[in-house]
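In the numbering used here, the protein residues as written are 6 to 272.
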């Protein structure tokens, strides 16, 4: 697999998706006999207009990537069509997708409104539908969506976030049923990058018997998952499961998979 073009959708600069994917792509390119740079199209609602954007772009360039940044909301069909058309016209058409868009707004379900629920659900659920629509039947090397390990175990304040992630899992199985590439990785915490690090939640997770994994381990996991064509959903969270099950009874009752139809059947 030698992806020469990429598009990733993310609603918050600096999330885990950028670094895990970029490092993996650069590592893949360095070990490849195929000449050329890694081409990345980073998509976010704010584009490059953030305090972190300049440093991020400098670091990606240092790692050997050729990067373009596009300001667009992944839930906006017309905007995403324009992004994909723009990338295609560079001569490096989209060959892989990483859908890492996320919004968090934790609250008890009883306190959620239609607007607050949809604000968290839409970037994941509507976002992946938009990406599927704008990319059509083009051949892709990968179509990866990012979920969360908390979706497996549950979180009383994240019904909205969990619903979005479960939609990604169902949609992934639907794409695969149509013989299209699709994979979900439900990430746990990763050292040095991501939401958990930026919001200093590591200690809170450790007290709950969940632990972060190293970036190198995350890279290995991503590479292994994409190399295994039969894999649809992978949970990467590291935890003391025997201890966690003492306060998470559902750990003894695995969530069953469900058969789904092709996406076109939903229309």
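In this text, a Cβ means the ideal position worked out from N, Cα and C, and glycines have one as well.
Nothing here was measured: the structure is a model prediction, and the numbers come from that model.
Check: Measure from the alpha carbon of residue 124 to the alpha carbon of each residue in 135, 110 and 161, then state which is nearest.; Outcome: 110
Check: How many angstroms separate the CA atom of residue 118 from the CA atom of residue 221?; Outcome: 40 Å
Check: Going by Cα to Cα distance, which pick from 48, 63 and 228 is closest to residue 91?; Outcome: 48
Check: So, with DSSP's three-state summary, where would you put residue 184?; Outcome: coil
Check: For the alpha helix (DSSP H) holding residue 75, just list the boundary residues, first then last.; Outcome: No alpha helix (DSSP H) holds residue 75; the beta strand (DSSP E) holding it covers 70-76.
Check: Just curious, the beta strand (DSSP E) that residue 46 is in, first and last residue?; Outcome: 43-49
Check: Between which two residues does the alpha helix (DSSP H) holding residue 89 run?; Outcome: 82-93
Check: Would you kindly work out how many angstroms separate the C-alpha atoms of residue 172 and residue 157, rounded to a whole number?; Outcome: 13 Å
Check: With DSSP run on the structure shown, which of helix, strand or coil describes residue 105?; Outcome: coil
Check: Taking one C-beta from the segment 77-84 and one from the segment 162-171 each time, how about it: are there three or more such pairs within less than 8 Å?; Outcome: no
Check: Excluding sequence positions up to five away, which residues of its chain have a Cβ less than 6 Å from the Cβ of residue 274?; Outcome: Residue 274 lies beyond the range of the chain shown here (6 to 272); nothing can be said about it.
Check: Taking residue 155 as the reference, give the member of 69, 191 and 103 with the closest Cα.; Outcome: 191
Check: In whole angstroms, what separates the C-alpha of residue 85 from that of residue 237?; Outcome: 25 Å
Check: At what residues does the alpha helix (DSSP H) containing residue 125 begin and finish?; Outcome: 119-140
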